[in-house]
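Novice:
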Amino acid sequence: AAKGGGRGQYRFYSSELKDGARHRREIEEDLRDALSMDQGLEMHYQPLVDAKTHRVKCFEALIRWNHPERGWISPGDFIPVAEDTNQIGDLGEWVLRRVCTDASSWPGDISVAVNVSAVQFGDPNLPQIVCKALKDSGLDPRRLELELTESVFIGDPNATHDMFVALKKLGVALALDDFGTGYSSLGYLKNAPFDKIKIDQSFVRGSTENDNNNSAIITAIVSLAGALNMTTVAEGVEAMDELELVRERGATYIQGFIFSKAIPQDVVLEKLESGDLAFEPNGPAKHRSE
Ligand code: C2E
Ligand code: MG
Ligand code: MG
Ligand code: MG
316 AAKGGGRGQY RFYSSELKDG ARHRREIEED LRDALSMDQG LEMHYQPLVD AKTHRVKCFE
376 ALIRWNHPER GWISPGDFIP VAEDTNQIGD LGEWVLRRVC TDASSWPGDI SVAVNVSAVQ
436 FGDPNLPQIV CKALKDSGLD PRRLELELTE SVFIGDPNAT HDMFVALKKL GVALALDDFG
496 TGYSSLGYLK NAPFDKIKID QSFVRGSTEN DNNNSAIITA IVSLAGALNM TTVAEGVEAM
556 DELELVRERG ATYIQGFIFS KAIPQDVVLE KLESGDLAFE PNGPAKHRSE
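Numbered continuously in full-length UniProt numbering, the sequence shown closes out at residue 605.
(1) If we count Cβ pairs, one from each stretch, closer than 8 Å, do we get three or more for the segment 520 to 537 versus the segment 454 to 468?
(2) Val561 and Leu533 - do their beta-carbons sit closer together than 8 Å?
(3) Identify whether His476 lies in helix, strand or coil by the three-state DSSP scheme.
(4) Inspect the beta-carbon positions of Leu592 and Val410 and report whether they are closer than 8 Å.
(5) What are the residues that DSSP puts in a beta bridge with Gln570?
(6) Kindly list the residues whose CB is nearer than 8 Å to the CB of His476, restricted to its own chain and excluding five residues on each side of it in sequence; keep chain order.
(7) Using only the alpha-carbon positions, how far apart do Asp471 and Met478 sit?
(8) Could you name each continuous alpha helix (DSSP H) segment of 4 residues or more that falls completely within the segment 321 to 391, going from the start of the chain to the end?
(9) Could you tell me the alpha carbon to alpha carbon distance between Ile342 and Ala490, rounded to whole angstroms?
(10) Would Ile536 and Gly495 qualify as a contact pair, given that the criterion is a beta-carbon distance under 8 Å?
(11) Buried or exposed for Gly407, please, with buried defined as at least 16 other CB atoms from any protein chain shown within 10 angstroms of its CB.
(12) Taking the beta strand (DSSP E) that Glu462 falls in, what are its first and last residues?
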């Protein structure tokens, strides 16, 4: 910590903070430009496959930003900046409109999942924004799913409840993302109308190594979800033995690099138009290569 160090260390620390602030301001301004000029931001789509058939049932929309100087920036680096600088509303609306438009041109009835930040969830206009994106694109609301994290429960319980009701009224599905990492409380699950629970990657990866409780937690979440009439997704499956484990434990859907990373819209269209909806597991098989 800065207070334990001498003068030199303090100066070093404070200039690092300043660099951090400058970096964030640069991201803030460049993101504003990217949004206003509709340049550099793209949506890519990662398949969620049926655990039994490996056929894609849904694609999760993941934002990608090709920055003019910095190249590809990860959403983990700019979504928080967008949330802090009042841009997440505009960005979230851009995402919803783009995703609904893209998905409305997919053949068949594959659904699409969109991440909604807790800041967006706190905006009373969100249902109207979703409704307009659906109407303008013609996408069937039953094909749209919103992914929320446990952080939406930090807000006022009445407002949270009203938002759940308003969103469900639109006919969209709701998924609880990154389950198990946040302020998990089973009381939230009891009162919230989720259709799907996404088991966080941290429980899935390494779930087959000895000496950890991850596989027991996966089993418990699958069982809980079943009792509550919700489906489950195992997120972040990379290896063959992880795939076997989560399938054996009864996860409904699998998402992870073992099947595919997020792919651009033209590749999604190619895949869906081919009529072959199955994905092949091709991740590193630990038990075979070691
Ligand atoms: P998330 O919603 O939990 O999305 C899953 C993340 O895990 C994605 O990272 C995805 O590429 C990554 N992932 C999927 N399978 C694997 C795997 O097998 N191994 C590994 N190592 N990673 C895997 P990504 O695209 O970098 O997104 C990070 C986070 O940024 C997302 O986490 C989500 O919270 C947020 N995000 C992404 N797009 C959007 C968006 O359009 N709007 C909002 N509000 N947030 C977004
Ligand atoms: Mg997500
Ligand atoms: Mg997740
Ligand atoms: Mg995440």
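Don't be surprised by glycine CBs; every beta carbon is placed ideally from N, CA and C.
Specialist: So, to answer that:
(1) Of all C-beta pairs linking the segment 520 to 537 to the segment 454 to 468, fewer than three are shorter than 8 Å, placing the two stretches out of contact.
(2) The question names Leu, but residue 533 in the sequence shown is Ile. Contact flag set, yes.
(3) Helix at His476.
(4) Going by C-beta atoms, Leu592 is not nearer than 8 Å to Val410.
(5) DSSP lists no bridge partner for Gln570.
(6) Excluding positions up to five away in sequence, the list reads Asn506.
(7) So the two alpha carbons sit approximately 11 Å from each other.
(8) If one requires a minimum length of 4 residues, the alpha helix (DSSP H) runs lying completely within the segment 321 to 391 are 322 to 352, in chain order.
(9) Ile342 and Ala490 have their alpha carbons spaced roughly 29 Å apart.
(10) Annotated as proximal: Ile536 and Gly495, with beta-carbon spacing under 8 Å.
(11) Under this definition Gly407 is a buried residue.
(12) Where Glu462 is concerned, the enclosing beta strand (DSSP E) stretches over 459 to 464.
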